[in-house]
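A short write-up of the structure that comes next.
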Amino acid sequence: MRMTTQGSLDTTPLLSVRVDQLSISHTRFASGIRRGNSVMLRLVIQVFVATLTTIVTGASTMYSIQATYLGDNCGGTPYAITVIPDENCTASTCSSYDLFYGSRDINANMMTNECSSDYMQVMRDKFGNSPYLLQLLHIDDKCAKFSMGFGYPAVGACVGGYNESDGLYAIANLATNGSASLALYLDRTCFSSELYMVTYVTMEELEKHSCTIDWFRWYSSNDAKVSALNPTATSVDSELSSGAIVGIGSGAFGFAIVFFAAIVFRRRQTRSRAIDKLGQFAASLTPTSVNSLEAVLRGQMGLWTDDVITAKRIPRDKVRTEKLISRGSFGEVYAGHFNDQKVAVKMLLPAMQGNIHHVNEFLAEAKMTATMDHPHIVSFIGVAWDSLSDICVVLEFMEGGELRTLLDKYEKENHPVGFDRQKTTIALEVCHALTYLHSLSPPVIHRDLKSRNILLNGDMKAKLSDFGISRERLDRTMTAGVGTSLWMAPEVMLGERYDDKADMFSFGVVLSELDVHTLPYARVKKENLDSKGHEMADSILLQRVALRIVKAEFSDASPKAIVDLGRACMSVYPTERPSAAEALYKLQVILSKRKAARVQSAADVIY
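Numbers 1 to 607, taken from full-length UniProt numbering, label the letters of the sequence shown in order.
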């Protein structure tokens, strides 16, 4: 020990001795422990050294904020964020994760490192408008001395936890009652069999950021916008005695050992105990009309551990993609094979694969499709992934393609307009599927019914597909305006309340397509050109639809009963539209009468 030029005590030699001694203790303590625990212990020692350095040299004002991302860039929502005190922090731009850490068993691809004295604001800014959960670890029971922090996207997706450890992955969720949960797993798949720890954060702990019994403070995207919530480390007098330094160091190291031991102990907890605790937590919530115990459990654990998803998961390396069939705004569909069976493979666009929000929505669609069991809904075969960026849904292959493609062919070849037996049968089969969806409890509203989402098999049997924006009708009505505009019901366009009758409006538009083969309102758009010869804009067209000025077209060749059904389905007033079951009955009557007429005609020819 020596005095510095300013007259204060130079503790560098003391710090070196103490850290060396602790390294020896670390070696003894880690002896015989398996590799996963050893990696975790190295992280704990690293944090301890950083914390002790802060205490000895004074409160650190600089922090290293490391954000990891999926995909080949550092845009969108971070995959995970880690913060540690680091006076020697070096900022780095978007770089390959493997460049810094080598090839490791973690799903992230790219990373950035930012240096700032206000790590809280940096973390909030990086997550932006996406939901998130922040976990801040301290070394004292008052949570006055910050040690390290973690940020998780709170979207129910499986993400990497501690970036310095190969063994921890997390699913974070924000509950509707203001609480939160953080489930940790030993494997990158976040399978329920690998669950070893679930932490529950109460609404009060999240709102007040109070120091928990395990020395954490919690923050979330539900917090009010702040600019400086950064808890600062308590300053330590520069003239601390060597005994005080050793005492503080021993306490900090003691905490590190306790923290590590707690993690090792928790790894030995059985999955059943974690599930029991989850059930107790869910049971403590007050049920509402839109909240069942099943929904709470599903929301806390996330879709990645949902029973439907885990039961339908198939090996990713068994799925082969071949020819591109179609591409939309968010995804693309390929022809492929699974176990020598020809299948359709649906994937997110590469640009969307790095966005956790889109990935989670894609998985929600997979679950929705997996729960459907009807001969006129495309069969779900399985869902596969090795990482978040390569998730795919495997579906029944429909050789006949989209109904829209068939109708385009009919228009090009001047196929007769009106309803023949095949077209009427297609309408009947679509109505069968809608009747099934609307009869579920709770009812499921497709919300994007159109000719492109009706597929045909080799026998020209129609099946519904694309449940990307379908939702269970958990309330009597909904207000979220989603769907494809030309098929959309007026109440949905206007952002008003709607129910399953919105699907019936779309079904009426599909009947018009089946009749005249063109896209909805095609003739109206061509007959109403502006001064520059441009077709009527969709925004103006939809206003006229909502005002009942414009209606979808039917031909004179169509039976009056089908035209009347189509017009009734497209009523501006939802209460005047038939239900799917009523429309199904009317179509069955129409087909029965046609069949009877054909039989009578054949009999007349014979006699």
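Glycine included, C-beta positions come from ideal geometry on N, C-alpha and C.
Cβ shell of residue i (< 7 Å), same chain only, five flanking positions each side left out
{"i": "Y132", "result": "G151, Y152, P153, A154, S220 and S221"}
{"i": "K126", "result": "A67, P78 and I81"}
{"i": "H374", "result": "A433 and Y436"}
{"i": "Y410", "result": "H517"}
Host beta strand (DSSP E) of residue i (start-end)
{"i": "T321", "result": "V319 to R327"}
{"i": "I540", "result": "Segment D538 to A546 is the alpha helix (DSSP H) holding I540; no beta strand (DSSP E) there."}
{"i": "E396", "result": "C392 to E396"}
{"i": "R217", "result": "F216 to S220"}
{"i": "P85", "result": "A80 to P85"}
{"i": "T112", "result": "M110 to S116"}
Buried versus exposed call for residue i [16 or more other C-beta atoms within 10 Å across all chains shown]
{"i": "M301", "result": "Confidence in M301 is poor, its pLDDT being 42 and thus under 50, which makes the residue's placement unreliable; the coordinate value appears in the next sentence. By the neighbour-count rule (16 or more Cβ atoms within 10 Å), M301 is buried."}
{"i": "L349", "result": "exposed"}
{"i": "M120", "result": "buried"}
{"i": "V589", "result": "exposed"}
{"i": "D466", "result": "buried"}
{"i": "M110", "result": "buried"}
{"i": "residue 621", "result": "What the structure shows of the chain is the stretch from 1 to 607, and residue 621 is not part of that stretch, so it cannot be assessed."}
{"i": "T90", "result": "exposed"}
{"i": "L587", "result": "buried"}
{"i": "D503", "result": "buried"}
{"i": "T369", "result": "buried"}
{"i": "K323", "result": "exposed"}
{"i": "S210", "result": "exposed"}
{"i": "S25", "result": "Residue placement at S25 is flagged as unreliable, the pLDDT there being 33, under the threshold of 50; a coordinate-derived value is accordingly withheld."}
{"i": "T305", "result": "buried"}
{"i": "residue 621", "result": "The chain is shown from 1 up to 607; residue 621 falls before or after that span and cannot be answered."}
Delimiting residues of the alpha helix (DSSP H) encompassing residue i
{"i": "H357", "result": "I356 to A370"}
{"i": "S439", "result": "R421 to S439"}
{"i": "F127", "result": "Y119 to F127"}
{"i": "T68", "result": "Taken as a continuous stretch (DSSP letters only), T68 belongs to no alpha helix (DSSP H), being part of the beta strand (DSSP E) at Y63 to Y69."}
{"i": "M504", "result": "K501 to V516"}
{"i": "G566", "result": "K560 to C569"}
{"i": "K405", "result": "Here residue 405 turns out to be Thr, not Lys, going by the sequence shown. Counting along the chain, the alpha helix (DSSP H) containing T405 begins and ends at L403 to K412."}
{"i": "A522", "result": "A522 to E527"}
Nearest residue (CA-CA) to residue i, options the options
{"i": "K526", "options": "P520, E535, T518 and L519", "result": "E535"}
{"i": "H376", "options": "I356, L437 and F362", "result": "L437"}
{"i": "V510", "options": "Q341, K450 and L494", "result": "K450"}
{"i": "A557", "options": "H415, G495 and K142", "result": "H415"}
{"i": "N518", "options": "M493, R452, A366 and E87", "result": "According to the sequence as given, residue 518 is Thr; it is not Asn. The option with the nearest alpha carbon to T518 is R452."}
{"i": "F216", "options": "L136, A180 and G156", "result": "L136"}
{"i": "D223", "options": "R124, S387 and T61", "result": "R124"}
{"i": "D500", "options": "A581, L486 and K560", "result": "A581"}
{"i": "L456", "options": "M398, D503 and E204", "result": "M398"}
{"i": "L182", "options": "C211, G156 and D307", "result": "G156"}
{"i": "D448", "options": "E496, F507 and L395", "result": "F507"}
{"i": "A343", "options": "L542, V378 and I540", "result": "The identity of residue 343 in the sequence shown is Val, whereas the question assumes Ala. Measuring from the Cα of V343, the nearest candidate turns out to be V378."}
{"i": "E114", "options": "H138, I84 and L134", "result": "I84"}
{"i": "A561", "options": "S179, K551 and Y585", "result": "Y585"}
{"i": "E332", "options": "P315, T202, S95 and A351", "result": "A351"}
{"i": "D141", "options": "C94, I171, I213 and M148", "result": "I213"}
{"i": "A546", "options": "M197, V345, P490 and V201", "result": "P490"}
{"i": "M488", "options": "L514, V524 and S571", "result": "S571"}
{"i": "V122", "options": "Y521, A366, M62 and G328", "result": "M62"}
{"i": "E496", "options": "Y573, R548 and V308", "result": "Y573"}
Close Cβ partners of residue i (< 6 Å) along its chain, the five nearest in sequence each way excluded
{"i": "V516", "result": "V417, E553 and S555"}
{"i": "I426", "result": "A462"}
{"i": "G382", "result": "K312, I314 and V394"}
Same chain, Cβ closer than 8 Å to residue i, neighbours up to 5 away in sequence not counted
{"i": "R598", "result": "none"}
{"i": "S485", "result": "M493, D538 and L542"}
{"i": "R316", "result": "A384, W385, D386, D390 and C392"}
{"i": "S95", "result": "M110, M111 and T112"}
{"i": "K318", "result": "F338, N339 and A384"}
Any C-beta of chain D under 8 Å from that of residue i
{"i": "I309", "result": "Among the chains of the structure shown, chain D does not appear; only one protein chain is present."}
Near the ligand FMN: residue i beta-carbon under 7 Å from a heavy atom
{"i": "E527", "result": "Here there are no bound small molecules, and the ligand FMN is not part of this structure."}
I want to know whether the stretch 521-534 touches the stretch 565-577 - three or more CB-CB distances under 8 Å. no
The stretch 402-409 touching the stretch 378-391, judged by at least three CB pairs closer than 8 Å: no
Tell me, please, whether the stretch 420-427 touches the stretch 580-599 by the rule of three or more beta-carbon pairs shorter than 8 Å. yes
Is the number of C-beta pairs between the stretch 426-437 and the stretch 452-463 that are closer than 8 Å three or more? yes
Touching or not, the stretch 350-365 and the stretch 60-78, by the rule of three or more beta carbon pairs under 8 Å? yes
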